[in-house]
Every structure is written in C-alpha cells, then in structure tokens.
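Taking it in order: structure first as structure tokens, then the write-up.
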Amino acid sequence: MEGLFAILILLALMGLGVPIAWSFAGVLAYLALIYDANFNTLMMQGFRSVDSVILIALPLFVLTGYLMQSGGIASRLVIFIETLVGRRRGGMGASMVLASGIFGAIAGTATAAVASIGTIMVGPLEQRGYPRGYSSALLGISSLLGILIPPSITMILFAVVTRQSVAALFAATVGPALLLILGLILVNRLACGRLFQEVVGELPEGAARVSRRRATLRAFPALCLPVIILGGIYGGVFTPTEAAAVAAFAAIVIGFLVYRDQTLGNFYRSVIAASETTGSIILILLFSFMIGRILAAERVPQELTELISLMISDPLMILIAVNVFLILAGAILDDVSVTVVIAPLFLPLMVETGVNPVHYASIVACSVVIGANSPPVAPILYMACRIGRVSIHKTFSPALLLIALVGLPVMLITTFVPELSLFLPRQLGFIR
1 MEGLFAILIL LALMGLGVPI AWSFAGVLAY LALIYDANFN TLMMQGFRSV DSVILIALPL
61 FVLTGYLMQS GGIASRLVIF IETLVGRRRG GMGASMVLAS GIFGAIAGTA TAAVASIGTI
121 MVGPLEQRGY PRGYSSALLG ISSLLGILIP PSITMILFAV VTRQSVAALF AATVGPALLL
181 ILGLILVNRL ACGRLFQEVV GELPEGAARV SRRRATLRAF PALCLPVIIL GGIYGGVFTP
241 TEAAAVAAFA AIVIGFLVYR DQTLGNFYRS VIAASETTGS IILILLFSFM IGRILAAERV
301 PQELTELISL MISDPLMILI AVNVFLILAG AILDDVSVTV VIAPLFLPLM VETGVNPVHY
361 ASIVACSVVI GANSPPVAPI LYMACRIGRV SIHKTFSPAL LLIALVGLPV MLITTFVPEL
421 SLFLPRQLGF IR
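Quick note: the sequence shown, position 177, residue 177 per the UniProt record's numbering, numbers continuous.
Below, the structure is given as structure tokens:
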C-alpha cells in the first residue's frame with residue numbers, strides 16, 4: 001500500500017510541475033520517513049550504485065545526439081534517405097522512419113531524434129500533402145526507435161538497475177526495432193491516399209538538387225558511425241562505454257573537419273545541453289537506487305509478485321497484466337522513471353513466470369515506445385508537436401491510430417514470441 005501511495009505522490013509532484021528528479025526526491029523522503037530508513041546508509045549505497053563504468057556511456061551518447069544535430073550529420077542522413085525512397089508513394093514518411101532508425105543507431109536517444117529529424121522533415125512533409133498532426137505523430141513514434149535500436153540509453157539504464165549485460169540488451173531489441181520500422185512504413189503507405197492525398201514526385205529543396213551518388217558520398221561518414229559502433233561492440237573491439245567515446249569523438253571530427261558545419265558556439269551549446277540532460281538523469285538514477293533499496297529491504301517486489309500470483313495463476317494472463325501496467329505507467333510517467341523504478345519491480349515476477357530478463361528488457365522498451373506517445377503525459381508526442389508547430393489535439397488521433405496498428409502489435413509479438421528478442425543475443429553468445 002505504501003508503494004502505491006509513493007507512486008501517487010510522484011504523479012502529484014510531477015503534475016504540480018516539480019522537476020522529475022526532485023519529484024523522486026520527494027518520494028524518497030516519504031519512504032525514508034515511513035520506513036525509518038537511515039539516510040547516511042542510503043546515500044552511501046546510492047553513490048556506490050551510480051559509481052559505474054557503464055554509466056560513463058550515458059553522457060557520451062547524449063552528447064553524440066546533440067553533436068549530430070548541430071554538426072550537419074542528421075541533415076545529410078535525411079537527404080541521403082530521401083534520394084533513395086522519397087519519390088515513391090509514402091516515401092517521405094518512410095524517409096522519416098528510416099532516418100530516425102539510423103539516428104537511433106548512433107545516438108541512442110529519442111529526444112535528440114525528435115529535434116533533429118523533426119526540424120528537417122516536418123515542413124517538407126507538409127509540402128507533400130502530409131497533415132502536420134499526422135507528421136508529428138509519425139515523428140513521435142518513429143523517434144522512439146532510438147530506444148530500441150542499439151546503442152540505447154534506456155537499455156543502458158535498465159542494465160544498470162537490473163545487473164544485466166548491456167551488450168545482450170542491445171542485441172535483444174534489434175528484432176522489435178526492425179518489426180516497428182516495417183510496420184510504420186507499411187501503415188504510412190496505406191495512410192497515403194486514405195487519410196490524406198500525397199503529392200508524389202517532388203523532393204524537398206535540399207534533396208532535389210543532390211544526385212543519389214552525391215548524397216551517398218556526403219552521408220558516407222555519418223553512415224559509417226553505426227557500423228563502427230555496433231561492429232566494435234559485437235566484434236569485441238571495444239565495450240559499450242568505449243563505443244560511446246568513439247561515437248562522440250567521431251561526431252566531433254565529422255562535424256568540424258569533414259562537414260565543417262560545426263562551430264565553437266554550437267559545440268559549446270551542445271555540451272551544455274548534454275550536461276543538463278545527463279545531470280537530470282543521474283539525479284533520477286541516484287534517487288531511484290535509494291528508493292529501490294528501501295523497497296527491497298521492505299520486500300515490496302516480493303509482495304507484489306506474491307499478490308499478482310495469487311490473483312492470476314495463468315502465466316499468459318500475467319504477461320498481459322504486466323504489459324497493461326507498463327503501458328499505463330508509460331502513459332503517466334517518463335521513460336526514465338518507467339525504466340529505473342517501475343520495470344524492476346516486476347522483474348522477480350517475470351523470472352518466476354519463466355521470462356528471461358533479457359526478453360523482459362525488450363518488453364519494457366516496447367512499452368516505453370507506446371507510453372511515451374500516449375495521453376495524458378505523452379512527453380515525446382508533446383515534443384514532436386512543438387517541433388511540428390501543431391496543436392496536440394490534431395496529433396492524438398493519428399498517434400493513437402499508429403499505436404493501435406503498429407505499436408501494440410509489435411509489443412504483443414515481442415511479448416509472446418520470445419525468440420524475436422532472444423535469438424540474436426543467443427547467437428552472439430550473451431545468453432544460453
């Protein structure tokens with residue numbers, strides 16, 4: 001009961017506009033008070049938990065995302081993809097999905113993808129006949145590919161709080177990511193001509209003047225980044241943390257020396273923005289670790305497992321119940337909160353039900369994709385609306401349509417077909 005009340009306090013504080021990190025601090029104070037926890041011990045345990053080499057990758061991947069935006073990498077990726085598929089029916093929408101996927105394979109974050117890809121593409125999509133509400137909804141859900149396609153900041157956080165292999169979690173979400181890309185492209189193609197009339201044949205100004213060969217040459221340095229990062233991790237050349245350092249260094253070199261779009265002013269602003277984002281996430285992690293210690297000491301996860309097991313005996317129904325709860329949690333909390341606080345509570349139950357923790361990570365990632373675009377909070381969708389300069393009311397309907405036709409089916413397939421998530425980690429030797 002105290003755990004449920006703690007979640008209500010968190011929602012109330014966030015609803016009042018309290019920053020997320022300090023909302024977690026409020027919940028921590030409440031739990032420490034009612035359970036008479038020792039703050040000195042909690043602080044020591046919290047700092048030990050965030051003293052992790054894996055977490056060094058977090059600020060580096062965040063910085064890489066901002067540098068891609070300010071250094072011209074994102075724009076060249078978009079132009080390259082537009083020259084390949086932009087003239088086909090549904091091609092512009094497919095370009096946005098594919099650009100978000102490639103961006104996610106480098107930066108591992110959704111917010112940077114929304115800002116970078118959305119700024120470049122929403123205007124040209126409108127010229128091709130795409131309503132801004134629909135474009136913003138497609139931008140919101142496709143930007144979450146950064147959570148599924150490795151390297152993923154969300155999976156790094158999940159690995160830290162659940163003590164799982166980062167490389168295994170990276171591999172686990174590749175299958176759901178490819179399924180989401182395919183689903184979004186197919187539904188977008190069906191939407192063209194049914195929900196709106198697309199003007200086929202005209203490319204945006206930047207892409208129209210560039211030949212396919214020239215666009216490929218311009219984008220080649222940026223396209224090498226995901227190959228270097230993922231090839232290095234799975235080839236055993238470097239760890240995910242080292243891969244993050246390579247990605248940030250490569251983004252600096254490409255921005256300053258190859259494309260020469262990067263400036264000292266933009267670089268400074270990118271570093272400041274990345275520092276602010278990272279600082280907020282680390283604070284949330286610190287407080288969540290301390291909350292987790294209190295809950296673990298009071299056996300809250302075990303009691304939750306026992307309660308659900310008493311209410312529901314069928315493993316299939318348990319999986320459905322956890323899916324529903326994760327989606328609802330994602331609809332009212334941000335992705336970091338769901339990943340570091342809510343998801344670990346169900347891990348003992350999932351293990352008892354026979355779900356591999358690596359498979360469970362994929363389920364959590366899919367739930368974040370749906371929750372981050374679902375009302376009432378929908379943080380990514382709201383951000384997409386700001387980038388697209390459109391009212392949220394014009395975006396909810398197409399967003400819910402994309403979630404119903406693509407997001408939910410992908411999550412259900414991921415949940416009930418474990419091999420979609422476990423095949424690649426097993427082939428790479430991360431799990432047995």
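Where a beta carbon is used, it is the ideal one built from N, C-alpha and C, also for glycine. From a predicted model like this one, the values you see are computed outputs, not experimental measurements.
Item                                                                                                                                                                         : Value
Just to confirm my understanding: we take S136, look at its own chain, exclude 5 residues before and 5 after, and list those with CB closer than 6 angstroms. What are they? : A384, C385, G388, V390 and T395
Out of V358, G407 and V246, which has the shortest C-alpha to C-alpha gap to L420?                                                                                           : V358
Taking the alpha helix (DSSP H) that L264 belongs to, which residues open and close that run?                                                                                : L264 to A297
Buried or exposed: where does V114 fall if 16 or more other Cβ atoms within 10 Å of its Cβ makes it buried?                                                                  : buried
So, at 7 angstroms on beta carbons, what are the nonlocal neighbours of T415 in its own chain, with the 5 sequence-adjacent residues on each side left out?                  : L319, N323 and I363
In three-state terms, what does DSSP make of F238?                                                                                                                           : coil
Apply the 10 Å Cβ neighbour rule to A207 and answer buried if 16 or more other Cβ atoms are within range, or exposed otherwise.                                              : In this prediction, A207 has a pLDDT of 49, which is less than 50 and means its spatial position is unreliable; nothing more can be read from the coordinates.
With H, G and I counted as helix, E and B as strand and the rest as coil, what does DSSP make of F325?                                                                       : helix
What residue range does the alpha helix (DSSP H) around N38 cover?                                                                                                           : Where N38 is concerned, there is no enclosing alpha helix (DSSP H), given that its DSSP letter is neither H nor E.
Can you tell me which of the three DSSP states F196 falls into?                                                                                                              : strand
Nearest to L169 by alpha carbon, out of I147, I181, N188 and E276?                                                                                                           : I147
Can at least three beta-carbon pairs, one atom from the segment 330 to 345 and one from the segment 365 to 382, be found at a separation below 8 angstroms?                  : yes
Residues in the same chain with beta-carbon distance under 7 angstroms from L16, minus the five sequence neighbours each way, listed in chain order, please.                 : none
Three-state secondary structure (DSSP) at Y382?                                                                                                                              : helix
Nearest-angstrom Cα distance between L28 and T162?                                                                                                                           : 19 angstroms
With 16 other CB atoms within 10 Å as the buried threshold, where does A297 fall?                                                                                            : exposed
Taking the alpha carbon of L31 as the reference point, which residue from R293, L182, L178 and H393 has its own alpha carbon closest?                                        : R293
What residue does the alpha helix (DSSP H) around S116 start on, and which one ends it?                                                                                      : A110 to Q127
Closest to L422 by CA distance: which of G118, P176, P151 and Y66 is it?                                                                                                     : P176
Mapping the DSSP letters down to three states, classify S337 as helix, strand or coil.                                                                                       : helix
Can you find the residues in the same chain that come closer than 7 angstroms, C-beta to C-beta, to V160, ignoring five residues on each side of it along the sequence?      : S52, I54 and L55
How far does the alpha helix (DSSP H) with Y259 in it reach, from first residue to last?                                                                                     : Here Y259 belongs to no alpha helix (DSSP H), and DSSP marks it neither H nor E.
With a threshold of 7 angstroms on Cβ separation, who are the neighbours of A245 within its own chain once the five nearest residues in sequence on each side are excluded?  : L60
Can you find the residues in the same chain that come closer than 6 angstroms, C-beta to C-beta, to V406, ignoring five residues on each side of it along the sequence?      : G183, L184 and V187
Thinking C-beta only, is P418 closer than 9 angstroms to V351?                                                                                                               : no
For G231, count neighbouring C-beta atoms within 10 Å of its own C-beta (all shown protein chains included) and say buried if the count is 16 or more, exposed if not.       : exposed
Is the beta carbon of R76 closer than 9 angstroms to that of A250?                                                                                                           : no
Please report the straight-line C-alpha distance between A6 and R426, rounded to a whole angstrom.                                                                           : 38 angstroms
Return yes when the Cβ of G140 is within less than 9 angstroms of the Cβ of I291, no when it is not.                                                                         : no
From F282 to V50, what distance separates their C-alpha atoms?                                                                                                               : The identity of residue 282 in the sequence shown is Ile, whereas the question assumes Phe. Cα to Cα, the separation comes out at about 8 angstroms.
I'd like the span of the alpha helix (DSSP H) that includes T415, first residue to last.                                                                                     : L408 to F416
Buried or exposed: which applies to N38, given that a residue is buried once 16 or more other Cβ atoms fall within 10 Å of its Cβ?                                           : exposed
Please name the residue, chosen from I149, T216 and G118, that lies closest to Y134 on a Cα-to-Cα basis.                                                                     : G118
Grab the span of the alpha helix (DSSP H) containing T154 for me, first residue to last.                                                                                     : I153 to T162
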